[in-house]
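Those protein sequence lines, which keep their order, are chains A and B.
Each residue of the first sequence is one higher than the last, beginning at 1 in the UniProt record's numbering.
Each residue of the second sequence is one higher than the last, beginning at 1 in the UniProt record's numbering.
Note that the Cβ used here is the ideal one computed from N, Cα and C, for glycine as well.
There are 2 protein chains.
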Amino acid sequence: MSLLLKNASIITCDETGTVIEDGALGIRDGLIDYLGKYENELHKKYDRVIELKQKTIMPGFVNAHNHAAMTLLRNYADDMKLMDWLFNKIFPLEDRLTEEGAYWGSSLAMLEMIKGGTTSYCDMYMFMDKTAEAAAQCGIKASLGRGLQGESGDDMDYRISEALELYRSFHKGSDGRIRVNLAPHSVYTCSPAYLEKVARVAREIQASVQIHLSETGDEVTNCVEKYGMSPVKLADKAGLLNERTIAAHCVAVDDEDMEILREREVNVVHNPGSNMKLASGISPVKTMADMGINIALGTDGASSNNNLDMLEEIRTASYLQKVISKDPTALPVDQVLKMATVNGAKALGFENTGVIREGMAADLIVINTQKPWYYPRYNTKSAIVYSGNSSDVEYVIIDGRLIMEKGEIITMDEERILYEVQKIAERMSSI
Amino acid sequence: MSLLLKNASIITCDETGTVIEDGALGIRDGLIDYLGKYENELHKKYDRVIELKQKTIMPGFVNAHNHAAMTLLRNYADDMKLMDWLFNKIFPLEDRLTEEGAYWGSSLAMLEMIKGGTTSYCDMYMFMDKTAEAAAQCGIKASLGRGLQGESGDDMDYRISEALELYRSFHKGSDGRIRVNLAPHSVYTCSPAYLEKVARVAREIQASVQIHLSETGDEVTNCVEKYGMSPVKLADKAGLLNERTIAAHCVAVDDEDMEILREREVNVVHNPGSNMKLASGISPVKTMADMGINIALGTDGASSNNNLDMLEEIRTASYLQKVISKDPTALPVDQVLKMATVNGAKALGFENTGVIREGMAADLIVINTQKPWYYPRYNTKSAIVYSGNSSDVEYVIIDGRLIMEKGEIITMDEERILYEVQKIAERMSSI
């Protein structure tokens, strides 16, 4: 079905930061086939026309770091020291995670992401075939990786086999809706030999690699003590760092680390909400962005955030860099919007999304800007970035397919998901 | 009309942090007259019963620092250096503010605050009789102060006269819905003699005093250069600091300053969103709270925030203190909830609000927690603080009066307010 959206403000997130007022956007065969002012009789070329007066179209958000099924652990334990939280709360509960739990937990995350305007996301966790199943059903774009941990040796290779199995089953390349990446968890849960092996396999199949990198000062201290070098250097030595690498966090990075990230064209994913809540530290993203490193944005999992709200993450990213760099011009509107859209698409390897332009995939959202917090209307982009609320997302379109319409999810059974998740959470937490 | 709310989770924000599950709350003559489990035939005692299954009742938020009419300047200019922003953008526009603008701008702010669950707030600005008029009409509780600036001398006393006129016209004491405070803007816009005069007048009528205090490092540096002491010490020397004082920001305070604030029992209002966006710095609120200082929360005006979302402010306050103190246990759930409710009520001098308890004013909100981001339900307070969205506020009740029902504002004409504000903003910004 071809579709024409009309009379909206259109934030393109393109190079020039263009906003088209009273714009029209045509969709055909999953792609944007018209962008501009409404012209006479344009509506006759489309099967359906949606009137969007007082509303704003923009590219869907790309949540570049998440662990979808961890919604199951959301609000189970907060305000705790990291190791106490992990060992006494999170790990025991994760131990009880089943395939069924992963499916419903992932579905809950996708439901929340779509409602908040996310059209593509990146994941690393267990039971990823179940997450892939949920993604295939609901229509979200996803880059999925089975979390890899271990020393080297045959007994630890089963996770890599699982990852490759996932790759064969679901990877559809940059044109497809689901991509599969290789996801070594971190330098503190994978031996150097294991990291090297993962790098080798990734190179062979030209897969993206994602890894948690320099998330905390402790990670760096321990890595230097054990291996005599920083996590970034260790990952580089293992051959893991290149333009297909997605490095989450990069909080505790020094000048040499950042130079390596730049040189290798690594994609860095900033997760300000998680870094703040867990007291991990503050990533120097302004510095890295100024160096030309591609910075994307992510929420991290819901148990360390505790929601998957990209609009909140955008604002937090900007405000945090402003206050920490003592510069109110840091991470201005256009820059954070790109971090949350086109930069994320690049990081995940989706080549035709993140920008509104003719020929690109029709991955977009419609925000109802007829609300008090968007008034007065001096600047639509500022209004969304600094005043907006994710609950105002009314339409979500992915590859030209209507996933949400007037706030109602079309591809998922919301009530069922909440019911199943609650049942599973009660089972997991009772004992 | 008496009213019974039933089958809700009730977050009391009392000393013990109690949450009543499947609770009932009765309202009569503006006060809470029943709190507990639903008992047989309880509904017969009330004129109206509202069923709130899967919903959560909590005290309304107290936004303890705001400049309501500054919504008119929202998103007019962002991502700028402070002085450039103030002198080239904000001041020229403020110069064109009229009484009519103040009325509609204040109405917009109140509309937004009520929709997001704020039931009481504090204001300092111009044309405050118009703001008082808007507050009287819409039903919000307010402590209002005419912003005072100047040297000493008869020619500068007209603002104090205006403030006293406002006091006589609108101040109703801690039992009434509108209170009037005396509001010297800051130590850099008022001379010491002027501050002393305001302190004297405030003492005579036992009024609250609000002031911007130590908002930035520059303010402190300039004050020390000019007067040989910090803003806190200068304000104290002028006799401005006591238990009725509301000190906004307190970002750049040292140990001696904090000790003075503690000793004088000053109420400090933390505005993390504004402090971050304007790159003012990070207030040591955890330290001050640990010292026993009463810390309230505010959004500041919409042109430096850029919204009036207290739930966002709560989360930002907690996350910012966690990351900056490198301690994920900093400002835990119960503490930030109190900052946003009962501490704010104390700061503003409203003695019977901020806590849900029999005998207190029925100032409360209902949040629809049947949304993906509140699932699974392990902990209702955590869910609201760390995952919640202000758009989920469905009911707002102030002094027992229904101000919002099922998301619809009863006491204001939302469409009219947006229309008038837009018209005024276009007039102010055109030239």
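When secondary structure is reduced to three states using DSSP, A/D129 falls in the helix class. Among the residues of the region 267-281 of chain B, those with a Cβ less than 9 Å away from any Cβ of chain A are P272, G273, N275, M276, K277, L278, A279, S280 and G281, in the order of the chain.
DSSP places B/P284 in the coil class of the three-state scheme, outside both helix and strand. For A/Y375, the chain B residues whose Cβ falls inside 7 Å of its Cβ are L108, L418, V421 and Q422, in order along the chain. Residue pairing of A/E408 in beta bridges, as defined by DSSP: A/E405. In chain order, P376 make up the part of chain A whose C-beta sits under 8 Å from the C-beta of B/L72.
When 8 Å is used as the limit between beta carbons, A/E219 is near no residue of chain B, the shortest such separation being about 14 Å. The region 285-300 of chain A and the region 291-298 of chain B do not touch, with fewer than 3 CB-CB distances between them shorter than 8 Å. Listed along chain B, the residues sitting closer than 9 Å to A/A383 by beta-carbon distance are R74, N75 and N306.
If you check the CB distance, B/M110 and B/A69 do not come in under 8 Å. Per DSSP, the continuous beta strand (DSSP E) segment holding A/K37 begins and ends at L31 to K37. Nearest to B/K423 by alpha-carbon distance, out of B/T98, B/T56 and B/L35, is B/T98.
A contact between stretches requires three or more CB pairs, one per stretch, nearer than 8 Å, and the region 372-388 of chain B fails this requirement with the region 345-354 of chain B. With fewer than three CB-CB distances shorter than 8 Å, the region 250-261 of chain B does not count as touching the region 306-313 of chain B. The beta carbon of A/S106 is closer than 6 Å to those of A68, A69, T131 and A134 in its chain, skipping five residues each way along the sequence.
Taking A/Q370 as the centre and dropping the five residues before and after it, the same chain places the C-beta of Q54 and K55 closer than 8 Å to its C-beta, in chain order. Look at A/I90 here: in three-state DSSP terms it is helix. Excluding sequence positions up to five before and after A/Y38, its CB lies within less than 8 Å of the CB of K6, N7, D22, G23 and A24, all in the same chain and listed in chain order. Taking the Cβ atoms as the reference, B/K277 lies roughly 6 Å from A/K322, within the contact range of under 8 Å. Rounded to whole angstroms, A/Y125 and A/S303 show a C-alpha spacing of 13 Å. Under DSSP, B/K277 takes part in no beta bridge, so it has no partner. Setting aside the 5 residues that flank it on each side, B/N222 is surrounded in the same chain by Y188, each with a C-beta closer than 7 Å to its C-beta; the list follows chain order. In the DSSP assignment, B/K141 falls within the beta strand (DSSP E) that extends over K141 to L148. Runs of the alpha helix (DSSP H) lying entirely within the region 350-427 of chain B, each at least 4 residues long, are absent.
The beta carbons of B/E420 and B/W104 sit closer together than 8 Å. Remark: C-beta atoms of B/N181 and B/A207 approach each other more closely than 8 Å.
Between B/S391 and chain A, the shortest Cβ-Cβ separation is below 8 Å. Interface annotation for the region 323-348 of chain A against chain B: V323, K326, D327, P328, T329, P332 and V333, criterion Cβ-Cβ distance under 7 Å. Contact of A/A425 with chain B by beta-carbon distance below 9 Å involves Y375, P376, R377 and Y378.
Going by DSSP, A/A69 is part of no alpha helix (DSSP H) at all; its letter is neither H nor E.
Secondary structure of B/K172 (DSSP, three-state): coil. Annotation: the continuous beta strand (DSSP E) that includes A/S9 extends over L3 to I11. In the three-state reduction of the DSSP assignment, A/D84 falls in the helix class, which pools H, G and I.
Annotation for B/H212: H185, S186, A248 and H249 place their beta carbon closer than 7 Å to its own, counting only its chain and skipping 5 residues before and after. Within chain A, the C-beta atoms nearer than 7 Å to that of B/S387 come from R74, N75, N306 and N307, in chain order. Only residues of its own chain outside the window of five on either side were considered, and among them A361, A362, D399, G400 and R401 have a CB closer than 8 Å to the CB of B/G30, listed in chain order.
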